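Participant: Here's a structure for you.
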């Protein structure tokens, strides 16, 4: 195995499936890879699947928010999909509601959202 | 993290991204999850992404062949995508050419193949 999370491409959407507990360097590598892929492929959307994660703590929450912010600056919208119900409950109890990150129930709904979002022009900030 | 590889769904295609070295139990769990998902979602195709794998040995090769065979029996065709050039060279040198498994360069080409394959009726064995 490599210590990098692969970035997959579906049309103009990039897909990242997070399956293991990320360490600091892996997060930096992922953000680096993802940024480069967004630029290289002119991606308009990013889907981050966290269905394998049983725990989403403040570190992961911050990683998701930072990654979404980096993608946004590069013109790609991010949707986090696959959050488990138990994870959602714990997040809210901890006061982490992932405010800046859009979420969808699963990959399919996330892809659907991004495709619809691309039909209409991006809203001005 | 959980010790299961997530099975994602895109339309009637299931996507499995293998990112870590699989142990025996994880392979069994994956094949179990995948079979159940194929039945539950009436999936017609399976894409297994191995772009994160730096080494594909006979264990992984056999796992891919078995998984593809199980899926085929359930009516879903399997495409393995994302193999690194070095992995391909090593596989052939080892005499493992993944004969029974269809491959494509990346996720996008794999999805395209499966969508085309579904237009025409499956060939008789």
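Residue numbers (my numbering), protein chains in the order written: chain R, 183 to 307; chain U, 183 to 307. Where a beta carbon is used, it is the ideal one built from N, C-alpha and C, also for glycine. Only a predicted model underlies this, so the values are computations on that prediction, with no experimental measurement involved.
By Cβ distance, which residues of its chain are closer than 8 Å to residue 223 (chain U), with the 5 residues on each side in sequence left out?
Facilitator: 191, 194 and 196
Participant: Taking Cβ positions only, does residue 210 (chain R) come closer than 8 Å to chain U?
Facilitator: Chain U, which has no Cβ nearer than 8 Å to the Cβ of residue 210 (chain R), makes this no.
Participant: Under 8 Å between C-beta atoms, does residue 290 (chain U) make it to chain R?
Facilitator: Yes, residue 290 (chain U) counts as interfacial toward chain R.
Participant: Which one of U:257, U:239 and U:244 has the shortest CA to CA distance from residue 276 (chain U)?
Facilitator: U:239
Participant: Runs of 3 residues minimum, wholly inside the region 232-278 of chain U: which ones carry the beta strand (DSSP E) assignment?
Facilitator: 259-263
Participant: Checking contacts by CB at 8 Å: is residue 207 (chain R) closer than that to chain U?
Facilitator: It does not: the Cβ of residue 207 (chain R) has no partner Cβ on chain U nearer than 8 Å.
Participant: Are residue 230 (chain U) and residue 200 (chain U) touching if we call contact CB-CB under 8 Å?
Facilitator: yes
Participant: In whole angstroms, what is the alpha-carbon distance linking residue 203 (chain R) and residue 220 (chain R)?
Facilitator: 24 Å
Participant: Within a Cβ cutoff of 6 Å, which residues of the same chain sit near residue 300 (chain R), ignoring the five residues on either side of it in sequence?
Facilitator: 226
Participant: Quick check on residue 224 (chain U): does DSSP put it in helix, strand or coil?
Facilitator: coil
Participant: Between the C-alpha atoms of residue 294 (chain U) and residue 218 (chain R), what's the straight-line distance to the nearest angstrom?
Facilitator: 24 Å
Participant: How would you list, in chain order, the residues of chain U whose beta-carbon sits under 8 Å from the beta-carbon of residue 186 (chain R)?
Facilitator: 234
Participant: Using the beta-carbon count (16 or more within 10 Å), is residue 205 (chain R) buried or exposed?
Facilitator: exposed
Participant: Can the beta-carbon of residue 212 (chain R) be found closer than 8 Å to that of residue 228 (chain R)?
Facilitator: no
Participant: Report the partner residues of residue 286 (chain U) according to the DSSP bridge assignment.
Facilitator: U:263
Participant: Which of the three DSSP states, helix, strand or coil, is assigned to residue 209 (chain R)?
Facilitator: Three-state DSSP puts residue 209 (chain R) in a helix.
Participant: Roughly how many whole angstroms lie between the Cα atoms of residue 250 (chain U) and residue 284 (chain U)?
Facilitator: A direct Cα-to-Cα measurement between residue 250 (chain U) and residue 284 (chain U) gives close to 9 Å.
Participant: Cutting at 7 Å between CB atoms, please list the residues of its own chain near residue 278 (chain U), excluding the five before and the five after it.
Facilitator: 240 and 243
Participant: Thinking C-alpha only, which one of R:186, R:198 and R:188 is nearest residue 288 (chain R)?
Facilitator: Put simply, of R:186, R:198 and R:188 the residue whose alpha carbon is nearest the alpha carbon of residue 288 (chain R) is R:198.
Participant: Going along the chain, which residues of its own chain have a beta-carbon closer than 7 Å to the beta-carbon of residue 246 (chain R), five neighbours each way excluded?
Facilitator: 230, 262, 280 and 283
Participant: Is there at least one non-hydrogen atom of the ligand FAD closer than 7 Å to the beta-carbon of residue 293 (chain R)?
Facilitator: In the structure on display, the ligand FAD does not appear, and there are no ligands present to speak of.
Participant: Mapping DSSP to helix, strand and coil, what is residue 280 (chain U)?
Facilitator: coil
Participant: On a Cα-Cα basis, can you pick out the residue from R:297, R:186 and R:298 that is closest to residue 235 (chain U)?
Facilitator: R:186
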